Amino acid sequence: MGVQLKNKVDFLEAKQSKNRMEEEQRVAQVEVAKQRCKCVIDAIQKLPSSTNITDSCRRTLLKLAHAELAFLSRPSSSSLSLSVNIGHLETVVHILQLPFITGVSRVCKAIRLSPSVTSEESRDSSLKHIHVDVVCTVNRKPVWIIVSDRNPKYISWNRCHRSKGLKLRIQEVLAAAQSCLTLRPSSVILFFGSGLANNVYDKLQDEFGASEIGLDFSVFSSDLLEETEGDWINIIARSYKNACVLEISPADGKDVGPKSRYNVEASIVDSSQLELSVGKAEVRPQLLEENIRSGDSSQLEFSVGEAETRPQPTEENVRTNLGDTFCSIVMGMKLRLLENQNSESAKPGNAFGGSDLVNFDTTALIALVSGISNGGTKKLLATPENEMRQRFKGNFDFVIGQIMSEIQNPIHMEFGRILHGKNGIICESVLMEFKELVSMCGGPNEKLRAEKLINCIRVVPDSPSERMMGLPTTRKLALKNKIVFGTGDHWHAQTLTANMAFVRAVSQTGMSLSTIEHRPRALTGD
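For the sequence shown, position 9 matches number 9 in UniProt numbering, and the numbering has no gaps at all.
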């Protein structure tokens, strides 16, 4: 009897000891998860500016991270199964930290399906929304990113009692991608943070044509750190070296369809529209910066290739006040005759060097030729205030602000970095508006620069993308801006612009748009 009682006591003590150890492990896991939440919150607040992430997207991520932290901080959380949501959030934030992710317009949000998506397409008559983790731009093309942080052995291909299955999930996403006109992606990227089983990988390739993406999503390791008594200690590290990243192009995903009013046949630009009067040059960006700072035109250097002639700044340029920095920017851009390109290379994404394209709106052209940008700040500041007010009227303070901005940070230095080695395009609407503004408000030197600039940038027809024209035309989404930015979107080109009001309005619709912001400049009559 005594032996049995002792054995029972020993059993109970062992069980209690095991329970205590398990409880301590759960508490420790919860504490680590809480620290991971705090690190994710910090990472969200420090996301790089290159993502162009909207305030709404940032708030969504912070709300999710804070909700997870609040759940883990509840007294009962240590006795529950550990939530896996923080791993998913970590992976989303990891993706947003990658340098080639830009134009982030939507994160961790459901996208409403178009009524055109039938129950047969969605395989579920009650399905009205599709969850997409990131809507953004990659290589100037709109994409959707679907994220999974699950253990590969728990990712099933077909429906099971606890999951709809990956196959059905992909079918639903692709059906939604084809139905969403304004948010339609050029491709869907699948990011499996913990890898993917070979059999599932093969099925994605065979049934959906998935292929590995040629961008490095996975080498970066996300180290989450905590400060303790002045020293940094590593508390958790996430490595994505085993991640599997696949890309699927939705069927019928063409950007401009035959019904589009602005469709361009074969997307080929008539070479007769092009007038090229300035040769191509390669300008060292740092040399351009030194030239702007010093004002010394004698130090400009140009590389001369065997197959092309690159004119150097001449005394004529100085005499006519074109400005050496203006000439340097223009000659640093790529110039290629379309006659040498076949129809295949002239399609969007291939034309003029593909990712080297920059689409100029009117604000960018004005900023390039403005007297403020071309060494006229001292002359303007020396002008009597009453004369300046009479000339610029209600825009006086606006112009003075631009002058001070130019003195502190010359805009041609910024343009030199952005445009070096790029091909420039403008649509016909921009050309007409630019010519009209310069004719009315430009001085002789600004008009001369405008003429030279137009002659070295390719003019393409107004050909806005179907998704851009699918947005409603409103006061904030004016038709003329939709045509300008939509043409850049059609050619997969970043649009250089100071019109951030339109960019914000587009972003608020959830559409990802590839743009480069510049500071505004005005024509001064120079």
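Where a beta carbon is used, it is the ideal one built from N, C-alpha and C, also for glycine. These numbers were taken from a predicted model, which means no experiment stands behind them.
Short CB-CB distance (under 8 angstroms) between residue 374 and chain B: The structure shown has no chain B; it contains just one protein chain.
DSSP state of residue 100, grouped into three classes? Coil, per DSSP.
Look at the alpha carbon of residue 103 and the alpha carbon of residue 435, and state the distance between them as a whole number of angstroms. Their backbone Cα atoms lie some 30 angstroms apart in a straight line.
Which one of 137, 446, 356 has the shortest CA to CA distance from residue 418? Of the candidates 137, 446, 356, the residue whose Cα lies closest to the Cα of residue 418 is 356.
Close-in-space but distant-in-sequence residues of the same chain around residue 433 (CB under 7 angstroms, 5 per side omitted): Closer than 7 angstroms at Cβ, skipping near neighbours: 362.
Using the Cα positions of residue 152 and residue 43, report the straight-line distance between them to the nearest angstrom. Looking at the two C-alpha atoms, the distance is approximately 26 angstroms.
Please name the residue, chosen from 239, 439, 488, 365, that lies closest to residue 463 on a Cα-to-Cα basis. Distances from the CA of residue 463 to each of 239, 439, 488, 365 were compared; the closest alpha carbon is that of 488.
For residue 375 versus residue 441, is the C-beta spacing smaller than 8 angstroms? No. Outside cutoff.
At the level of alpha carbons, what is the spacing between residue 187 and residue 518? Computed Cα separation, rounded: 29 angstroms.
With a threshold of 7 angstroms, establish whether the CB of residue 163 neighbours any heavy atom of the ligand FAD. What this structure holds is no ligand at all, so the ligand FAD is not there to describe.
Tell me the DSSP bridge mates of residue 138? The bridge partners DSSP lists for residue 138 are 101, 141.
Determine, using beta carbons only, whether residue 62 and residue 511 come nearer to each other than 8 angstroms. No, the pair does not count as a contact, with Cβ atoms beyond the cut-off.
Where residue 461 and residue 482 are concerned, what is the direct C-alpha to C-alpha distance, given to the nearest angstrom? Approximately 14 angstroms, taken between the alpha carbons.
Whose C-beta lies closer than 8 angstroms to the C-beta of residue 100 among residues of the same chain, with five residues either side of it excluded? So the list reads 138, 139, 215, once near-sequence residues are dropped.
Neighbourhood of residue 429 by C-beta distance below 7 angstroms, restricted to the same chain and skipping five residues each side: Excluding positions up to five away in sequence, the list reads 462, 480, 483, 484.
If we ignore side chains and look at the alpha-carbon of each, how far apart do residue 201 and residue 173 end up? Near 17 angstroms, if we compare the C-alpha coordinates of residue 173 and residue 201.
Between the C-alpha atoms of residue 163 and residue 204, what's the straight-line distance to the nearest angstrom? If you draw a straight line from the Cα of residue 163 to the Cα of residue 204, it is about 17 angstroms long.
Helix, strand or coil for residue 244? Go by DSSP, reduced to three states. Strand at residue 244.
Let me know the secondary structure DSSP gives residue 329 once reduced to three states. In the structure shown, the three-state DSSP call for residue 329 is helix.
Per DSSP, residue 515 forms a beta bridge with which residues? Answer is 495.
Suppose contacts are defined by Cβ-Cβ distances below 8 angstroms. Is residue 540 in contact with residue 454 by that definition? Summary: the structure shown does not reach residue 540, with the chain confined to residues 1 through 526, and so no result is reported for it.
Once the 5 residues before and after residue 396 are set aside, which same chain residues still bring their CB inside 8 angstroms of it? Correct list, in chain order: 388, 389.
With residue 534 as the anchor, note down where its alpha helix (DSSP H) starts and where it stops. Outside the shown range of the chain, which is 1 to 526, sits residue 534, and nothing can be said about it.
Any idea which residues DSSP pairs residue 131 with across the strands? Answer is 110.
Contacts around residue 57, its chain only, beta-carbon distance under 8 angstroms, and the 5 residues preceding and following it disregarded: Take residue 57, set aside five residues on each side of it, and the residues of its chain with a beta-carbon closer than 8 angstroms to its own are 104, 105, 106, 107, in chain order.
Label residue 65 either buried or exposed according to how many other C-beta atoms from any shown protein chain fall within 10 Å of its C-beta, with 16 as the threshold for buried. By the 10 Å Cβ count, residue 65 comes out buried.
Using DSSP bridges, identify the partner residues of residue 357. According to DSSP, residue 357 shares a beta bridge with 423.
Rounded to whole angstroms, how far is the Cβ of residue 452 from the Cβ of residue 246, which I believe are closer than 8 angstroms? About 47 angstroms separates the Cβ atoms of residue 452 and residue 246, ruling out a contact at the 8 angstroms cut-off.
Check each candidate in 424, 422, 373 and name the one with the smallest Cα separation from residue 529. Lying before the first or after the last residue shown, residue 529 is absent from the chain, which here runs from 1 to 526.
Starting from residue 190, follow its DSSP beta bridges and name the residues at the other end. Per DSSP, the beta-bridge partners of residue 190 are 146, 246.
Restricting to Cα atoms, I'd like to know which of 508, 399, 447, 450 is closest to residue 472. Of the listed residues, the one whose Cα sits closest to residue 472 is 508.
Nearest-angstrom Cα distance between residue 147 and residue 88? Taking the straight line from one Cα to the other gives about 7 angstroms.
Give every residue of the same chain whose Cβ lies closer than 7 angstroms to the Cβ of residue 110, excluding the five residues on either side of it in the sequence, and list them in chain order. Correct list, in chain order: 129, 130, 131.
Excluding sequence positions up to five away, which residues of its chain have a Cβ less than 7 angstroms from the Cβ of residue 401? So the list is empty, once near-sequence residues are dropped.
In three-state terms, what does DSSP make of residue 59? Three-state result, residue 59: helix.
For residue 404 and residue 95, what's the separation of their Cα atoms in angstroms? Going by the C-alpha atoms only, they are around 38 angstroms apart.
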